[in-house]
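Take a look at the structure set out below.
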Amino acid sequence: MRIQPNPNPENKVSSPGQPKEQMVEDEFLTLANMNPVMSQARERAFSRVFSDMDELFRKNQWEEILAVYYPIKEKLPELADHARLHQLRGKLAFALGQIKRFDEAIEELLLCVEQAPNDFYHHNSLAYTAYNSLYAAKNREVFLAGKLKENRIQLAHKHFTAAQAIRSDTITNYYRRGMLFKQIENKPQKAIPMFQRAVKNWESLDDESREMRQREYKNYIKSLYHLASCLLNTRCPQMALDAIKRCLSHDEGTNHVSLLFKFFALGKIQFHLNQFSEAKDALKFALKTAENKPADFVFELLARTYLALNDPERALKTIRHVPENRRRPYIQWTEADILCSLRQFSEAEAILEKCSKRDNRSRHKALVRMARISYLLSRYKDTVTFAQNASAFFREKWNNAYDEGMFWEALGLYRLGDIEAARTLAEDLRIICPDYDKLEILISRLESNDHETNTAN
Numbered sequence: 117m118r119i120q121p122n123p124n125p126e127n128k129v130s131s132p133g134q135p136k137e138q139m140v141e142d143e144f145l146t147l148a149n150m151n152p153v154m155s156q157a158r159e160r161a162f163s164r165v166f167s168d169m170d171e172l173f174r175k176n177q178w179e180e181i182l183a184v185y186y187p188i189k190e191k192l193p194e195l196a197d198h199a200r201l202h203q204l205r206g207k208l209a210f211a212l213g214q215i216k217r218f219d220e221a222i223e224e225l226l227l228c229v230e231q232a233p234n235d236f237y238h239h240n241s242l243a244y245t246a247y248n249s250l251y252a253a254k255n256r257e258v259f260l261a262g263k264l265k266e267n268r269i270q271l272a273h274k275h276f277t278a279a280q281a282i283r284s285d286t287i288t289n290y291y292r293r294g295m296l297f298k299q300i301e302n303k304p305q306k307a308i309p310m311f312q313r314a315v316k317n318w319e320s321l322d323d324e325s326r327e328m329r330q331r332e333y334k335n336y337i338k339s340l341y342h343l344a345s346c347l348l349n350t351r352c353p354q355m356a357l358d359a360i361k362r363c364l365s366h367d368e369g370t371n372h373v374s375l376l377f378k379f380f381a382l383g384k385i386q387f388h389l390n391q392f393s394e395a396k397d398a399l400k401f402a403l404k405t406a407e408n409k410p411a412d413f414v415f416e417l418l419a420r421t422y423l424a425l426n427d428p429e430r431a432l433k434t435i436r437h438v439p440e441n442r443r444r445p446y447i448q449w450t451e452a453d454i455l456c457s458l459r460q461f462s463e464a465e466a467i468l469e470k471c472s473k474r475d476n477r478s479r480h481k482a483l484v485r486m487a488r489i490s491y492l493l494s495r496y497k498d499t500v501t502f503a504q505n506a507s508a509f510f511r512e513k514w515n516n517a518y519d520e521g522m523f524w525e526a527l528g529l530y531r532l533g534d535i536e537a538a539r540t541l542a543e544d545l546r547i548i549c550p551d552y553d554k555l556e557i558l559i560s561r562l563e564s565n566d567h568e569t570n571t572a573n
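Quick note on the working numbering: the sequence shown kicks off at 117 and runs consecutively.
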């Protein structure tokens, strides 16, 4: 047999004494990979660590996981360049997040995304960790404010979006992004399409897929619940009613959202649809399901419902189920409104005065109620003073004009005969809020007064 000459003699094996051939290692192959014994040992080590982490996860032993394996390059240097190191990092990041070490968790997940940029779970976990840190900050468990908070919000949105691009059929991812818009950013309009997509994604699944993804069902229910809330906040009460009824129907028996909150939501939506009898029934049922849980917000809305049904005595009895030391400002405003309906103006004023002194966020709402009571009792100087104070507080707090303060100050000035000052305020209010209730009546009165003055002259 004839042996063919080597076409690449430069690649022949070096003889002793000859220079060694150049070796190039890269991410695909290293010299260590050529040794099957070493490669197999590394894989066994990786599998052992992975299994151990899984076992600790099942026991929720987050501190122990971190004590043994974090930071991973120090604790497991032999796996530092392993192709699936990102899977271990992801587990460590989750453990860090569970004990609210969010900054470190995010650092680990950024490395995971860098190593595995097309991995849905890493993007999803990074977005969730950022989102969870924002919730912790909202609950004052960690500090996060200003630019740091804004950057964290943007990080969450970026990786929610990346995860959605990889898997557009998710329910939980869209639900959480909706909550980011709704609860953290207070942007219900932007939250609506996120909740709608979560709902649509679940309802598009066949029975087999629903069975496999049963853990996501609760977030489908929560998406319906929060969708109803956002629709109500954006003045779509009829659509909100449809969403909460679907939530009640699909959550029957499972109660992923408590009966207390679902029936309160139903009552609130019916209240805004002026379905006061139906709202009363829903709110009373909500109270029956409270089971000794705080339900001050239900008593307050039920009291307002009785007031809308022209039953102020029952309204007062209802709101006073809330102990006096737990009556937050919004409860005191309603209590004062009820007392006014009962012509108990002095008691209403006393409640509002006390409320205004301790409320550093919404003091203007108590002050403008005091302005209205003063107007009703023909104390027009007090009307002007309270309205001015309400506007001043609102401008200081929110750096904006307060339409109600402007209206009642203008009306008080009109009754005091200061037509020019009243007209200036009314015209300013027309620019800011042209549809303000009864503003045009006030302006027509001011114009009529001008006409009478000119005629007399």
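All C-beta atoms, glycine included, are put in the ideal place defined by N, C-alpha and C.
> Between 179, 204, 182, which lies nearest to residue 164 when the distance is taken from Cα to Cα?
Replying inline: Taking only the C-alpha atoms, the option nearest residue 164 is 204.
>> Which residue wins for smallest C-alpha separation from residue 405, given the options 377, 421, 489?
In response: Distances from the alpha-carbon of residue 405 to those of 377, 421, 489 put 377 closest.
> Do residue 301 and residue 269 come within 8 Å of each other at the CB atom, strictly closer than that value?
Replying inline: Less than 8 Å separates the beta-carbon of residue 269 from that of residue 301.
>> Considering only their Cβ atoms, is the gap separating residue 209 from residue 228 smaller than 8 Å?
In response: Cβ atoms of residue 228 and residue 209: closer than 8 Å.
> DSSP on residue 145, reduced to helix/strand/coil?
Replying inline: Residue 145 falls in the coil class under three-state DSSP.
> Roughly how many angstroms lie between the CA atoms of residue 580 and residue 385, to the nearest whole one?
Replying inline: Lying before the first or after the last residue shown, residue 580 is absent from the chain, which here runs from 117 to 573.
> Where do the N-terminal and C-terminal ends of the alpha helix (DSSP H) with residue 456 fall, by residue?
Replying inline: DSSP places residue 456 in the uninterrupted alpha helix (DSSP H) bounded by 445-457.
> What are the boundary residues of the alpha helix (DSSP H) that includes residue 139?
Replying inline: For residue 139, there is no enclosing alpha helix (DSSP H), as DSSP gives it neither H nor E.
> Does DSSP classify residue 352 as helix, strand or coil?
Replying inline: Here residue 352 sits in coil by DSSP.
> At what residues does the alpha helix (DSSP H) containing residue 372 begin and finish?
Replying inline: Segment: none, residue 372 is in no alpha helix (DSSP H) and carries neither H nor E.
>> My assumption, with CB atoms under 8 Å, is that residue 482 sits in contact with residue 468. Please give the rounded CB distance.
In response: About 5 Å; that satisfies the 8 Å criterion.
>> In whole angstroms, give me the CA-to-CA distance for residue 199 and residue 273.
In response: Between the alpha carbons of residue 199 and residue 273 lies a gap of roughly 28 Å.
> Where do the N-terminal and C-terminal ends of the alpha helix (DSSP H) with residue 267 fall, by residue?
Replying inline: Under the DSSP assignment, residue 267 falls in the alpha helix (DSSP H) whose first and last residues are 262-282.
> Which residue from 424, 368, 410 puts its Cα closest to that of residue 395?
Replying inline: Per the Cα distances, 424.
> alpha helix (DSSP H) containing residue 317: first to last residue?
Replying inline: It spans 304-319 - the alpha helix (DSSP H) in which residue 317 sits, taken as one unbroken run.
>> Can you give me the C-alpha to C-alpha distance between residue 578 and residue 486, rounded to a whole angstrom?
In response: Here the chain covers residues 117 to 573 and nothing more, so residue 578 does not appear.
>> So, for residue 471: in the same chain, excluding its five sequence neighbours on each side, which residues have a beta-carbon less than 6 Å away from its beta-carbon?
In response: Within the same chain, residue 471 has close Cβ partners 445, 448, 482.
> For the putative contact between residue 213 and residue 248, defined by C-beta atoms under 8 Å, what is the C-beta separation to the nearest angstrom?
Replying inline: Yes, residue 213 and residue 248 are in contact; Cβ-Cβ is about 6 Å, under 8 Å.
>> Using 8 Å as the threshold, is the C-beta distance between residue 462 and residue 428 below it?
In response: Not a contact, by the Cβ cut-off of 8 Å.
> Below 8 Å, can you find three or more Cβ-Cβ pairs linking the stretch 331-341 to the stretch 304-318?
Replying inline: The stretch 331-341 is in contact with the stretch 304-318.
>> Which same chain residues end up closer than 7 Å to residue 257 when comparing Cβ atoms and leaving out the 5 residues on each side of it in sequence?
In response: Once the five neighbours on either side are set aside, the close Cβ partners of residue 257 are 216.
> If you draw a straight line from the alpha carbon of residue 298 to that of residue 176, how long is it in whole angstroms?
Replying inline: Distance between the alpha carbons of residue 298 and residue 176 is about 30 Å.
> Among residues of its own chain, excluding the 5 on either side of residue 464, which ones have a beta-carbon nearer than 7 Å to its beta-carbon?
Replying inline: Only 452, 455, 456, 489 meet the Cβ criterion.
>> Would residue 206 and residue 241 be called neighbours here (beta carbons separated by less than 8 Å)?
In response: Yes, the pair counts as a contact, with Cβ atoms nearer than the cut-off.
> What is the DSSP secondary structure of residue 437, reduced to helix, strand or coil?
Replying inline: When DSSP states are grouped into helix, strand and coil, residue 437 belongs to the coil group.
> Applying the criterion that 16 or more other CB atoms from any shown protein chain within 10 Å of the CB defines a buried residue, is residue 528 buried or exposed?
Replying inline: Buried, since its Cβ has 16 or more Cβ neighbours within 10 Å.
>> Taking the alpha helix (DSSP H) that residue 220 belongs to, which residues open and close that run?
In response: Run containing residue 220: 218-231, per the alpha helix (DSSP H) assignment.
> On the three-state DSSP scale, how would you describe residue 497?
Replying inline: Reduced to three states, the DSSP call for residue 497 is helix.
> Are the beta-carbon atoms belonging to residue 562 and residue 537 less than 8 Å from one another?
Replying inline: The answer is no: Cβ separation not under 8 Å.
>> As a quick exercise: from 328, 361, 331, pick the residue whose alpha carbon is nearest that of residue 115.
In response: Any answer about residue 115 is impossible in this case: the structure gives the chain only from 117 up to 573.
> Distance, Cα to Cα, residue 572 vs residue 506?
Replying inline: Model confidence at residue 572 stands at a pLDDT of 45, short of 50, so the residue's coordinates are unreliable and nothing is read from them.
> With a CB to CB cut of under 6 Å and the five nearest residues on each side skipped, what residues in its chain are close to residue 283?
Replying inline: Excluding positions up to five away in sequence, the list reads 236.
> Does the beta-carbon of residue 128 have 16 or more other beta-carbons within 10 angstroms, so that it is buried, or is it exposed?
Replying inline: Bear in mind that the predicted position of residue 128 carries a pLDDT of just 48, short of 50, making it too unreliable to give a figure here.
> With C-beta atoms as the reference, is residue 519 less than 8 Å away from residue 552?
Replying inline: Pairing residue 519 with residue 552 gives a Cβ-Cβ distance under 8 Å.
> Apart from the five residues on each side of it in sequence, which residues of its chain come closer than 6 Å, Cβ to Cβ, to residue 353?
Replying inline: Contacts found: 385, 388, 389.
> Should residue 280 go down as buried or exposed, given a rule of 16 or more other Cβ atoms within 10 Å for buried?
Replying inline: Buried is the call here.
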